[in-house]
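Numbering (mature numbering (1 follows the signal peptide of the UniProt record, and there is no 0)), first residue to last: -22 to -1, 1 to 743.
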């Protein structure tokens, strides 16, 4: 057993003290023995106040015992030099008693027992020995003080203290061991306990138990261990403070507390472990845990808390460190892992918590967070590569993740409803941000100063997304949303960037790509959505695919840009898509496809642009198409409308521009199939071609060419009751050709200039 020799000595002390002596005062006893197997016993009892007993033994296997009972102000002093000696001091029902045992040797045993002895002072010192045992017991003794010191290896020390009444009573215990494989135990039960355990060496063990009365006093436990493979265990109830300091490698510290406690653990070295449990007892609230692990690798910190607690965890200057925390509600947590690689943080919490995680100056660090509702999280990972953050939350949470000055960093956020997520990745390449949210959430992602970064956001309904990618090439943003969402994607000062947005019903998207070349924007929407795309640069591409009741506006500035809009519904009875496309540059291309009823498209290619192309294809009834390419050369317009009451018309006011081509060597092809269709086409300058083909009844075509030469104006109408007007003014060698088949058609041609020609054919061909 752990204290078998001490237990036998306690029994001997009780038997020796059973006899009573006559009362005396100021008795002094001195015993000196030199040799082996000697024994000395001193009894000072029954109101023997101010007595002193001194025993000095030099040798092996000696025994010494002092009993002082029912007296005050007594002093007991035993000094032994040798091996396998034993010393016992028993003081019962005394006040202000002092006892001191000093042993030098191996295999010694020392015991001091204070019973119902207020203000007792007990001291045991065992010098330079191995296999020594020491025990101080102070039972029912208020304001008791115990000091125990051992030097050597394989020693065992035990201090037990308790007070005799309820109130602000105190105990004080200090236990110091120097050497290896030592064991220290302090057990206190009072309202205000103070315990200090100091160990220097390897493979030492320290245990402190404290049991106080909540609201009356505070227990203080302090452990200091220097060396390797040491262990510390502190067990406290209410209103306690535990401080553990360990310097060395492979050390372990455990603190168990209930309510209104503070635990402070500091470890310096490698492969150390820290464990704080402030949650396994009733009323485990309002605690504070502080863990600091410095200058070491492979350290582990584990903290468990319930409600209204604070936790501060710091791991610095080490690799492969791990931090774990599990808490319930209303907690505040700070985790710092700095100047190390491969560090790991794992946090699990319930509701209304505040969490900050900082991982700086290292690579391949990981942060994992799992929370329920109404939490606030800030994660910062800086000056490192390959860092990873994963956050999983339920409802009404706020998250901010910052990854700065590093490459290949990743952030994952998974939230349910009414959450806010912010991710900032700065000055790094190959970074990734993933956000998955359900309803009524907000997501903001910014990537600045890096290349080949990636953003992926998935949301259900009524969410807002804002994505910002600055000063980087080859970046990609991918957004997928359900219904009633808003998405803004901005990519600035970069080339070959890509933005893709997929949405359901009643969404709005804005895509901005400026100061870059080769960028691409792709938008896919179901119904009742709005899409806005702005691109500034060369060789950019925009693609918008929508169903019905959609609105699209695309603006492109630069050369070689491409815009594609598809507003096509499987149900052709659905109506009212709108597409506006504006391009300012050369060699730009536009393609628009619409079906259904009441669709509207307007394409404008601004002044001094060359080699542009516009293609519009509409199927359905009552659609409008307007296309214009201005003051350029070598541009093409292709418009096809299939259905009735479609129009390509112009107006002096409003947005109707018809089909307009100003510049030389431009071509315009218009094909309308159906009844009651209208075309208004205008061209100017030299060498242009206008070719209009209408197939149906009651169609109208108006072609106007001004101040140009060698232009061709061609109108072909098949069906009845068509009207065609062709006007060419201010030029030479212009050619007009009108072909009308069947009946009741009207053709009128006006030409002003020289060497012009007209051919009109009416009737069946």
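Every residue, glycine too, gets a C-beta built ideally from N, C-alpha and C. Note that the coordinates shown come from a computational prediction; the quantities given were computed from them, not determined experimentally.
Under DSSP, the beta-bridge partners assigned to residue 115 are 91 and 138.
For residue 419 against residue 381, the beta-carbon gap comes to about 21 Å, at or over 8 Å, which does not count as contact. Cβ-Cβ distances below 6 Å link residue 130 to 106, 107, 108 and 157 in the same chain, with the five nearest sequence neighbours on each side left out; the list follows chain order. Under the DSSP assignment, residue 270 falls in the beta strand (DSSP E) whose first and last residues are 266 to 272.
Taking 9 Å as the cut-off, the beta carbon of residue 503 is found closer than this to the beta carbon of residue 481. Sixteen is the threshold: when 16 or more other Cβ atoms of the shown chains lie within 10 Å of the Cβ of residue 501, as they do, the residue is buried. Listed in chain order, the alpha helix (DSSP H) elements of length 4 or more contained wholly in the segment 304 to 333 amount to none.
Note that the C-beta distance between residue 614 and residue 645 is below 9 Å. Looking at the DSSP output, residue 588 shares a beta bridge with no other residue. Going by DSSP, residue 368 is part of the beta strand (DSSP E) stretching over 366 to 370. By the C-beta density criterion, residue 362 is buried, having at least 16 other C-beta atoms within 10 angstroms. In the assembly as shown, residue 274 is a buried residue. Its beta-carbon has 16 or more other beta-carbons within 10 Å. Residue 244 and residue 355 have their C-alpha atoms roughly 25 Å apart. Here residue 24 carries a coil assignment [DSSP, helix/strand/coil]. Check the Cα spacing between residue 62 and each of 75, 55, 408 and 83: the tightest is with 83. DSSP lists 695 and 740 as the bridge partner or partners of residue 718. Residue 407 has its alpha-carbon roughly 18 Å from the corresponding atom of residue 337.
Looking from the CA of residue 322, the closest CA among 311, 333, 298 and 334 belongs to 298.
Taking C-alpha positions only, residue 678 is separated from residue 575 by approximately 20 Å.
Residue 668 sits in a strand when the DSSP states are folded into three classes.
Cβ-Cβ distances below 6 Å link residue 628 to 634, 635, 636 and 658 in the same chain, with the five nearest sequence neighbours on each side left out; the list follows chain order. Excluding sequence positions up to five before and after residue 525, its CB lies within less than 6 Å of the CB of 504, 505 and 547, all in the same chain and listed in chain order. With a cutoff of 9 Å on beta-carbon distance, residue 579 and residue 603 are scored as near each other. Between residue 423 and residue 401, the beta carbon gap of about 5 Å places them in contact (Cβ cut-off 8 Å). Judged by DSSP in its simplified three-state form, residue 638 adopts strand.
Annotation: the continuous beta strand (DSSP E) that includes residue 255 extends over 251 to 256. Between residue 8 and residue 34, the gap from beta carbon to beta carbon is short of 9 Å. Between residue 345 and residue 367 a beta carbon distance of about 5 Å is seen, short of the 8 Å cut, so the two are scored as contacting. Residue nearest to residue 44 within the set 37, 70 and 36 is 70 (criterion: CA-CA distance).
With respect to residue 715, residue 688 sits apart: the two C-beta atoms are not nearer than 9 Å. Within the segment 464 to 509, complete alpha helix (DSSP H) segments of at least 4 residues are not found at all. Straight-line spacing of the CA atoms in residue 102 and residue 242 works out to 28 Å. If you keep only unbroken beta strand (DSSP E) runs of at least 3 residues inside the segment 64 to 109, you get 64 to 70, 76 to 82, 87 to 93 and 99 to 108.
Annotation: the continuous beta strand (DSSP E) that includes residue 232 extends over 230 to 234. Boundaries of the beta strand (DSSP E) harbouring residue 604: 602 to 607, taken from the DSSP string. DSSP places residue 412 within a strand segment (E or B) once states are collapsed to three.
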